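A.B. asks: Protein chains in written order, with my numbering: chain W, 207 to 433; chain E, 3 to 242. Here a beta-carbon is modelled for each residue, glycine too, at the ideal position from N, C-alpha and C. Remember, predicted model here, so these are calculated numbers, not experimental data.
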Amino acid sequence: MKAFATIAWLVMRKDLTIEVRSREIVYTTLFFAVSCVLVFAFSFVRDGRALDDAAAGILWIAIAFAGTLALGRAFERERQSETLQALLLAPTDRPAIFTGKLLGLLILLGGVEIVLVPIVGLLFQAPIFARPMLLAFLLAAGTVGFVAVGTLFAAMLVRSKSRDVLLPVLLYPVTIPVIIAGVRGTAALFQAEVDEPMARLWITMLVAFDAVFVTLALWTFEPVMTE
Amino acid sequence: MDRIHTDRGLIEFDTLSFDDVSRRFGRRRALAHVTLECRAGEVIGLLGPNGAGKSTLLAIAATLMSPSTGAVRYGSLTARQAGGELRARIGLLAHDLYLYPELTAIENLEFFGRLYLLPDPRRRAEAALDRAGLASRAGEPVLAFSRGMRQRLALERALLHEPRLVLLDEPFTGLDDESSRRLIDRLSALRSGGAIVVVSTHDLEAVEGLVDRVAVLRDGRLAAVEQRPAALRDTYRRLV
Numbered sequence: 207m208k209a210f211a212t213i214a215w216l217v218m219r220k221d222l223t224i225e226v227r228s229r230e231i232v233y234t235t236l237f238f239a240v241s242c243v244l245v246f247a248f249s250f251v252r253d254g255r256a257l258d259d260a261a262a263g264i265l266w267i268a269i270a271f272a273g274t275l276a277l278g279r280a281f282e283r284e285r286q287s288e289t290l291q292a293l294l295l296a297p298t299d300r301p302a303i304f305t306g307k308l309l310g311l312l313i314l315l316g317g318v319e320i321v322l323v324p325i326v327g328l329l330f331q332a333p334i335f336a337r338p339m340l341l342a343f344l345l346a347a348g349t350v351g352f353v354a355v356g357t358l359f360a361a362m363l364v365r366s367k368s369r370d371v372l373l374p375v376l377l378y379p380v381t382i383p384v385i386i387a388g389v390r391g392t393a394a395l396f397q398a399e400v401d402e403p404m405a406r407l408w409i410t411m412l413v414a415f416d417a418v419f420v421t422l423a424l425w426t427f428e429p430v431m432t433e
Numbered sequence: 003m004d005r006i007h008t009d010r011g012l013i014e015f016d017t018l019s020f021d022d023v024s025r026r027f028g029r030r031r032a033l034a035h036v037t038l039e040c041r042a043g044e045v046i047g048l049l050g051p052n053g054a055g056k057s058t059l060l061a062i063a064a065t066l067m068s069p070s071t072g073a074v075r076y077g078s079l080t081a082r083q084a085g086g087e088l089r090a091r092i093g094l095l096a097h098d099l100y101l102y103p104e105l106t107a108i109e110n111l112e113f114f115g116r117l118y119l120l121p122d123p124r125r126r127a128e129a130a131l132d133r134a135g136l137a138s139r140a141g142e143p144v145l146a147f148s149r150g151m152r153q154r155l156a157l158e159r160a161l162l163h164e165p166r167l168v169l170l171d172e173p174f175t176g177l178d179d180e181s182s183r184r185l186i187d188r189l190s191a192l193r194s195g196g197a198i199v200v201v202s203t204h205d206l207e208a209v210e211g212l213v214d215r216v217a218v219l220r221d222g223r224l225a226a227v228e229q230r231p232a233a234l235r236d237t238y239r240r241l242v
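Okay, structure coming up:
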C-alpha cells in the first residue's frame, strides 16, 4: 500500500512539475473555460439579470469542456515521447499510475475552478458564498467522477489516431449522471433561498457515482493498458 | 555492485524463451512462429530489414505487448505469472527514448529510479549521469539535448535498475564513435555480469565481434540463427 501511494505521489508530482514549467494545460483550459462563460453571459444575462439556473449549467459546461481539453493534453504529452510505455514497464501496480495521473488532473482542474467559480458568480449574480463549503464539496465530488472516467478513457485512447474526437464521444455519455447531479446540486445552492437538503442529496449521489467510477477505473486500468 | 531489491523482492532467470510466438495487428502479421532461446551471459544480435518484426519481438519480450499465439518464458515463468517482479528485472531502450523533455536529465533518472523503488535514487542518478558523460549537463532540460545525448541518457535510464534482461532497439542511433565504443564496453560488461542482452540494430559494424549469436528476422519469421558469425555484413547479406 505504501508503494502504491509512493508511485501515485511520484506520477502526480512529475505531472505537476512539467505543468509548472510549461503552463500549457492551465493556460489553455483556463482561457477556454473563461471564454465559454463569457459567451454564455452575453446570451443569458439581460438587463443585469441572469436566467434562472443558468449559472449552474454554464459552470458545469465550462468544467466539462475544460476538463476534456486538460485530459487530452495530459496524455498527449505521454504519447509524444511514449513515456506512458515507460510508466507501464515499471514494476508497480499499474492502478497507482492511474491514481497519480488522476490526482494531477484533479489539482489542475481544481485550480481552474477556483478562478472560474468567482467569474460565474460575478457575471450571473450567483450566491457563491451562501454555502461555500457545500459548493466546494459538490464541485470536488463532481470533478472526481468526471476526471476518473476521463483519465481512463484518455489513457485507453492514447494510441488511437482519432483520440481527440473519440474522447468526448465516449466521455460525455458515461459522465452524464455526474454532470446532471453537479448541475442540479449547484442550482440548489445558487437559488435565492438555498435548498440545502436538495444540495446534500445531489452531493450524496455524486459521492456514490465517484465510488463506482473510481473503483471501475482502478479495476479496468491494468487490463485495458496491457495490449 | 549493489543488488536491486524492490519492495516485492527479486526474481532471477537465466533464459528468455520465445516458443512459437506470433503477433498480428489486425490483418497484418508482424511475427510468425518465432522460436528462440536467449541465455544469461550472452549478447544476441537481432538483425533484419525494416518491418521484419524486430521491435515487435522486443516489445513482447519487454511485456509491453502480448503475443497473439505462442508463449514467452523468463526462466520457467510467464509475464502473467511474474507481473511486476519481472518488470523490475527488464531494461528496455526502445526507438522512442521514454524521457520527459521538460524535466532535467537528473530529474528524469531520479524519477525512474524512484518509480523502480530503488534505494538512494539520487546517488544512482548522479552515477548514471557520470557514466553517460552528462554530469555537467545534469540540471538542463532534456529538450535542450542533442539526439546523441538523449540516447546516452535513455540508455542509463534503461540500465538504472541493473536489469537481468536488457533489450536495446537501435542503441547506436545518434552516437558518435567514442559513445559507441563506450556502449560496446558497457554491453560487454553486462554480458560478463550475467545479463541476457538482446540488441536490435542495423549498425552491423558496431556490433561486429560483440554479439555471441545473431538471429535474423525476415517478414516476421526467424530466417536464421548463427553462432559468432565471422563477417557480420556478409552473413547478413547472405541471409537477408
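Should E/D122 go down as buried or exposed, given a rule of 16 or more other Cβ atoms within 10 Å for buried?
C.D. replies: exposed
A.B. asks: Alpha carbon to alpha carbon, how far is W/A268 from W/C242? Give it in angstroms, no decimals.
C.D. replies: 6 Å
A.B. asks: Can you give me the Cβ contacts of E/I6 inside the same chain, cut-off strictly under 6 Å, excluding the 5 residues immediately before and after it?
C.D. replies: For E/I6, the pLDDT reaches just 40, beneath the cut-off of 50, and the residue's location in the model is therefore unreliable, although a value from the coordinates is still provided. These residues qualify, in order along the chain: H163, E164.
A.B. asks: From which residue to which residue does the alpha helix (DSSP H) around E/S182 run?
C.D. replies: 179–194
A.B. asks: Identify the continuous beta strand (DSSP E) that holds E/A73 and give its terminal residues.
C.D. replies: 71–76
A.B. asks: List, in order along the chain, the chain W residues whose C-beta lies closer than 7 Å to that of E/D98?
C.D. replies: Per Cβ cutoff of 7 Å: S287, E288.
A.B. asks: Taking contact to mean 3 or more Cβ pairs, one atom from each stretch, closer than 8 Å, check whether the segment 124–133 of chain E and the segment 48–56 of chain E are in contact.
C.D. replies: no
A.B. asks: Quick one: what's got a C-beta closer than 7 Å to E/D132's C-beta in the same chain, skipping five residues either side?
C.D. replies: none
A.B. asks: Give me the Cα-Cα distance between W/G370 and W/A276, rounded to the nearest whole angstrom.
C.D. replies: Checking the displayed sequence, the identity of residue 370 of chain W turns out to be Asp instead of Gly. Cα-Cα distance, rounded: 11 Å.
A.B. asks: Could you please give me the residues that DSSP links to E/V23 through a beta bridge?
C.D. replies: E/V36
A.B. asks: Compare the C-beta of E/H7 with all C-beta atoms of chain W and state if any pair is closer than 8 Å.
C.D. replies: Note on E/H7: pLDDT 45, under 50, position unreliable in the model; no value is reported.
A.B. asks: Per the DSSP calculation, E/L61 is bridged to which residue(s)?
C.D. replies: In the sequence as presented, Leu is not what sits at residue 61 of chain E; that position holds Ala. In DSSP, E/A61 forms no bridge with anything.
A.B. asks: Does the segment 105–116 of chain E touch the segment 141–153 of chain E, meaning 3 or more C-beta pairs lie closer than 8 Å?
C.D. replies: These segments touch.
A.B. asks: Just tell me which of W/W425, W/F330, W/G348 has its CA closest to the CA of W/G391.
C.D. replies: It is W/G348 whose Cα lies nearest to the Cα of W/G391.
A.B. asks: Establish whether the CB of E/Y102 and some CB of chain W are separated by less than 8 Å.
C.D. replies: yes
A.B. asks: Please give me, in chain order, every unbroken run of the alpha helix (DSSP H) with length at least 4 that falls completely inside the segment 243–303 of chain W.
C.D. replies: Taking only runs of at least 4 residues, the alpha helix (DSSP H) segments lying wholly in the segment 243–303 of chain W are 260–286, 289–295.
A.B. asks: Does DSSP put E/T106 in a helix, in a strand, or in coil?
C.D. replies: strand
A.B. asks: Does E/Q229 come out as helix, strand or coil in the three-state DSSP assignment?
C.D. replies: It is a strand residue.
A.B. asks: For the beta strand (DSSP E) containing E/G47, list its first residue and its last residue.
C.D. replies: 44–49
A.B. asks: From E/E210 to E/L234, what distance separates their C-alpha atoms?
C.D. replies: Taking the CA atoms as reference points, E/E210 sits about 6 Å from E/L234.
A.B. asks: Could you name the residues of the same chain whose beta carbon sits closer than 7 Å to that of E/P69, not counting the 5 residues immediately before and after it, in chain order?
C.D. replies: V23, S24, R25, I62
A.B. asks: Any Cβ of chain W within less than 8 Å of the Cβ of E/Y118?
C.D. replies: yes
A.B. asks: Against chain W, which members of the segment 49–71 of chain E pass a CB distance test of less than 9 Å?
C.D. replies: A61, A64, T65, L66, M67, S68
A.B. asks: In terms of residues, what are the limits of the beta strand (DSSP E) holding E/L169?
C.D. replies: Run containing E/L169: 167–171, per the beta strand (DSSP E) assignment.
A.B. asks: Scan the segment 73–89 of chain E for residues whose Cβ lies nearer than 7 Å to a Cβ of chain W and list them as they occur along the chain.
C.D. replies: G86, E87, R89
A.B. asks: What number of angstroms, rounded off, separates the C-alpha of E/L33 from the C-alpha of W/I313?
C.D. replies: 43 Å
A.B. asks: Which word fits W/S287, buried or exposed, when buried means at least 16 other C-beta atoms lie within 10 angstroms of its C-beta?
C.D. replies: Flag for W/S287 reads buried.
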